[in-house]
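In what follows, a single structure is set out as structure tokens and then discussed.
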Amino acid sequence: MTFKKGFTLGIKSYSRAFVFIRKHRLTWYLLFPLLLNILLLVIGYTSTVNLSTRWFVYVTDWINMDSWEFWGSGFLSSVVEFFMFIMVRIMFFLMFAYIGGYLVIILLSPVYAFLSEKVESILTGEDFPFEFQQFLKDIWRGIRLALRNLAIELILTVVLFVLSFVPVVGFFTGITLFFVSAYFYGFSFIDYSLERKKMNITESVSFVKTNKGLALGNGTIFSLALLIPFLGVLISSFVSIISVTAATIATTEAMIREDLKAS
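Add 503 to the 1-based position in the sequence shown for our numbering, that's all there is to it.
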């Protein structure tokens, strides 16, 4: 499959996935991103409050703030505490915005594994008997692949950051980084289908390299959702359900085309 055809298939499969989810009553899978967002909200708020409090106590001891007795010292202390709380929230938000996509993929990995299997079963009519041990293997593989892709992306991010200081070249680094992320996100979603074909990670990497357009097309929509200010990670968690469905539909079709071409 050419890059252009693969990319087009990756994009178009989203509209098919949306219809597919509604038609086959798979919308209840959207409950999992909802629960995940509630959990992340609680953990995130609790963590930032605790961290900012500890940081404030540390700074208070360091500058001996408790001994301040000048006029307005109480107000200044409150300002410092508020400033630290805001700084911790900003750092948490920036970190979450960068790795949030992979965090969603890792935490929802069990859901993706089950959903992808369900979608392919409906598409092909092939029955996939539930095996708990295999299910755990699917989850672990999804997590490993997500961590692998994140590590590679971090390395490429550092390289692109250095290149961003080069005149002219630096202009394209942001766009390049977006498509690098999209490629690896698409890779993660596609791999759930490849694992069922008994492909190991090396074979999966080879398949995705051959179908770069498909991976990029599938991951682009998810990456665009992540770019939404403030709500990117929240919205992308719901989009990911459609992404996995779209990846399964597109990968199944791509494999059928390859089989027909080979025969």
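We put the beta carbon where it would ideally sit given N, CA and C, even for glycine.
Predicted, not measured: the structure shown is a model, and the values here were computed from it.
Give me the residue from L610, S555, L611, Y605 with the minimum Cα distance to F585. S555
What is the residue span of the alpha helix (DSSP H) that D564 lies within? 534-565
Would V622 be called buried (16 or more neighbouring beta carbons within 10 Å of its own) or exposed? buried
Cα-Cα separation between S516 and L729, rounded to whole angstroms: 19 Å
Report buried or exposed for N553, applying the criterion of at least 16 other Cβ atoms within 10 angstroms of its Cβ. exposed
Close Cβ partners of V747 (< 7 Å) along its chain, the five nearest in sequence each way excluded: Y615, L618, S619, F692, Y695
In three-state terms, what does DSSP make of M587? helix
Does the structure place the stretch 673-692 close enough to the stretch 709-719 that three or more beta carbon pairs sit under 8 Å? yes
Minimum length 4: unbroken alpha helix (DSSP H) runs contained in the stretch 657-729: 672-699, 704-713, 715-729
Beta carbon of I608, beta carbon of S743: below 8 Å? yes
Should the stretch 666-678 be called in touch with the stretch 706-713, which here means at least 3 C-beta pairs below 8 Å? no
Three-state secondary structure assigned by DSSP to P613: helix
Would you call N567 buried or exposed, if buried means 16 or more other Cβ atoms sit within 10 Å of its Cβ? exposed
Local conformation of S511 per DSSP, three classes: Looking at the sequence shown, residue 511 is not Ser but Thr. The answer is helix: DSSP assigns T511 an H, G or I state.
Assign G734 to one of three DSSP states: helix, strand, or coil. For clarity, residue 734 is Leu in the given sequence; the question names Gly instead. If DSSP states are grouped into helix, strand and coil, L734 belongs with coil.
Given that a residue counts as buried once 16 or more other Cβ atoms are within 10 Å of its Cβ, and exposed if not, what is S788? Beyond the ends of the chain as shown, which are 504 and 766, falls residue 788; an answer cannot be given.
Kindly give me the distance between the Cβ atoms of G603 and G735, rounded to whole angstroms, as I take these residues to be in contact under 8 Å. 7 Å
DSSP state of D641 mapped onto helix, strand, coil: helix
Does the CB of I608 have a neighbour CB from chain C at under 8 Å? You won't find chain C in this structure, because it holds only one protein chain.
Is it buried or exposed for N652, if we count other Cβ within 10 angstroms and need 16 for buried? buried
Please report the distance separating the alpha-carbon of A649 from that of V582. 41 Å
Among I731, E634, L737, whose alpha-carbon lies nearest the alpha-carbon of L542? L737
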